[in-house]
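Going left to right, the sequence shown walks through residues -19 to -1, 1 to 314 as mature numbering (1 follows the signal peptide of the UniProt record, and there is no 0) numbers them.
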Amino acid sequence: MKTSLLFAFIITMSYTATAQQKTLGKVNRLDAALDNLIDKDAKIEILSEGYDWAEGPAWVKDGNYLLFSDVPANTVYRWKEGEDTKPFLKPSGYTGIGVYSDEPGSNGLIINKDGMLVSCEHGDRRISVMPLTVGGKRTLADNYAGKRFNSPNDIVQKSNGDYYFTDPPYGLMKKDQDPTRETELFGVYRRATNGTVTLIVKDLSRPNGLAFSPDEKTLYVAQSDPDKAYIMSYPVLADGKVGKGKILFDATPMVKEGLQGLPDGLKIDKKGNIFTTGPGGILILTPAGKLLGRIETGVPTANCAWGNDGSTLYITADMYLLRIQTKTVGVGF
């Protein structure tokens, strides 16, 4: 989800690895405990730039490269150390004719347990899966109870193979007022391994990023509503559904202060700390919801992902692809 456009570039060429020498922003330390997670000398490196709205980074372990979406450009890009950043997949989220909306492409991406690319597709209003080497997409889910999704935004896979994803209106031409909407909800859904889709959260106004705690007993959901800018916490039940949610962290006051960005994508480290995009960049929270500090990019920040050996945090922020070295390790590594 794009909170504002500071730059608009038409991408007509690859972006070279020389941008790695540039840095951006700073780390704002609010608690001494942050020193255990990010070194005092850590820099926010610019790896590539010039995108319209970079989103959904996903690390490919078998190949050591990163995939990420440029949502308005309807393109997935591939970044690898020492190489040019190149288009990997276009179209990425809209395969129709003509202009669909200002955000037609893929948004959130993950590499699933089988090593395939799973995409949240705005324009085609579905969750898809595709082998990385030979292509050929297959639809995992495109409706609930016969009603098409709005524009699937972000996704996570549980260890048992189930997918959990969010469905706000950001990819639609007229957003929440779009006449093609078929559901009144902006839901959080579960797609079980047997293909069944279940609505698990129905009372959020703008659900966005989501992630599980290391033990998968808690589901975190970011809400990108400027008036209710929350990180929500839900207990995961034995049947795969979730119990009553609570606000883990309220970023609304930070929004009102004028800090750029909203809660969007988030990732968890193996200690349960939460690295979530939000006002001011990446907010770093303890499992109890205490704010330790911010990775301040200076621009609205969309999403993040662990990569390399699990200690490198890749960040998509407006026109930039960034990274910062941490002293922790992400879930999944």
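No residue lacks a Cβ here, since even glycine has one placed at the ideal position from N, Cα and C.
Here the structure is a predicted model, which is why all the values come from computation and not from measurement.
Which residue's Cα is closest to the Cα of residue i: the options?
i, options, result
"E277", "G259, P160, G63", "G259"
"S82", "K71, D33, G152, K139", "G152"
"I25", "L15, G6, L18", "G6"
"L48", "G117, R275, S100, N189", "S100"
"G104", "L90, G74, D95, G79", "G74"
"G253", "I108, S194, D206", "S194"
"K71", "A283, T267, S87", "S87"
"V115", "T177, Y144, M97, E84", "M97"
"S292", "D206, I19, L273, L11", "I19"
"P268", "V41, E64, W34, L200", "L200"
"D159", "T174, F130, A210, I136", "F130"
"T66", "P234, V217, E30", "E30"
"T147", "S214, P188, G63", "P188"
"A173", "K42, R162, I181", "I181"
"A232", "K271, V223, K128", "K271"
Identify every residue that forms a DSSP beta bridge with residue i.
i, result
"D250", "G311"
"V217", "V223"
"F193", "L200"
"P68", "Y58"
"I27", "K3, L303"
"F49", "Y58"
Buried or exposed for residue i, going by 16 or more other Cβ atoms inside 10 Å?
i, result
"S(-16)", "Bear in mind that a pLDDT of 40 at S(-16), under 50, signals an unreliable position, so the number given afterwards is only what the model happens to contain. By the neighbour-count rule (16 or more Cβ atoms within 10 Å), S(-16) is not buried but exposed."
"K248", "buried"
"T(-8)", "In this prediction, T(-8) has a pLDDT of 29, which is less than 50 and means its spatial position is unreliable; what the coordinates show is noted afterwards. Label assigned to T(-8): exposed."
"I296", "buried"
"V57", "buried"
"T4", "exposed"
"F(-13)", "Summary for F(-13): the model assigns pLDDT 33, below 50, so the residue's position carries little reliability; its value from the coordinates is reported in the next sentence. Exposed."
"residue 333", "Shown here, the chain extends from -19 to 314; a query on residue 333 therefore has no answer."
"residue 327", "Here the chain covers residues -19 to 314 and nothing more, so residue 327 does not appear."
"N17", "exposed"
"L11", "exposed"
"P112", "exposed"
"A298", "buried"
"I78", "exposed"
"L218", "exposed"
"V80", "exposed"
"P234", "exposed"
"E64", "exposed"
"G262", "buried"
"E197", "exposed"
"G190", "buried"
At what residues does the alpha helix (DSSP H) containing residue i begin and finish?
i, result
"T233", "233 to 237"
From what residue to what residue does the beta strand (DSSP E) around residue i run?
i, result
"T258", "255 to 259"
"G77", "Where G77 is concerned, there is no enclosing beta strand (DSSP E), given that its DSSP letter is neither H nor E."
"V8", "7 to 10"
"Q138", "136 to 138"
"Y144", "144 to 147"
"L88", "The sequence given here places Asn at residue 88; Leu does not occur at that position. Looking at the DSSP string, the run of the beta strand (DSSP E) that includes N88 is 87 to 92."
"S186", "Taken as a continuous stretch (DSSP letters only), S186 belongs to no beta strand (DSSP E), as it is neither H nor E."
"Q306", "301 to 306"
"P38", "35 to 41"
"residue 332", "Nothing in the structure corresponds to residue 332, since the chain is present only between -19 and 314."
"M111", "107 to 111"
"Y170", "169 to 172"
"R119", "119 to 122"
"R275", "272 to 277"
"Y151", "Premise fails: Y151 is in no beta strand (DSSP E) and is neither H nor E."
"T293", "293 to 298"
Below 8 Å on the Cβ atoms is my guess for residue i versus residue j; work out the distance and round it to an integer in Å.
i, j, result
"Y170", "T179", "7 Å"
"A23", "I305", "6 Å"
"S132", "K118", "Going by Cβ atoms, the distance from S132 to K118 rounds to 17 Å, so no, they are not a contact pair."
"G246", "D135", "6 Å"
"M213", "Y32", "About 29 Å; that fails the 8 Å criterion."
Please confirm if residue i has its CB atom under 7 Å from at least one CB of chain D.
i, result
"R59", "Looking for chain D here will not work: only one protein chain is present."
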